[in-house]
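Visitor: Quick note: to get our numbering, add 273 to the position in the sequence shown (first position is 1).
Handing you a structure now.
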Amino acid sequence: MRRGRRSFTRWESPCVTKGIRLSTPRGPRRVESLQPGDLVTTLDDGP
């Protein structure tokens, strides 16, 4: 798989709970504040 961006569909979505803060290029954000198209930081540019 090439390095790049990947979007998740409802069938592939990772499981996170309300209140969890995810690392984004703009700093930590609560998962419930994310909008479609927002980027999150992943380990090793993973899917």
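Glycine included, every Cβ here is placed at the ideal spot set by N, Cα and C.
Suppose contacts are defined by Cβ-Cβ distances below 8 Å. Is T290 in contact with D311 by that definition?
Guide: Going by C-beta atoms, T290 is not nearer than 8 Å to D311.
Visitor: Just the Cα atoms here: how many angstroms apart are T314 and R299?
Guide: Going from the Cα of T314 to the Cα of R299 covers about 10 Å.
Visitor: Taking the C-alpha atoms as reference points, what is the distance between I293 and R303?
Guide: When rounded, the distance between both Cα atoms is 6 Å.
Visitor: Given that a residue counts as buried once 16 or more other Cβ atoms are within 10 Å of its Cβ, and exposed if not, what is M274?
Guide: Because M274 carries a pLDDT of 41, less than 50, the predicted location of this residue cannot be relied on, and no value is offered for it.
Visitor: How many angstroms separate the CA atom of L295 from the CA atom of L316?
Guide: Distance between the alpha carbons of L295 and L316: 12 Å.
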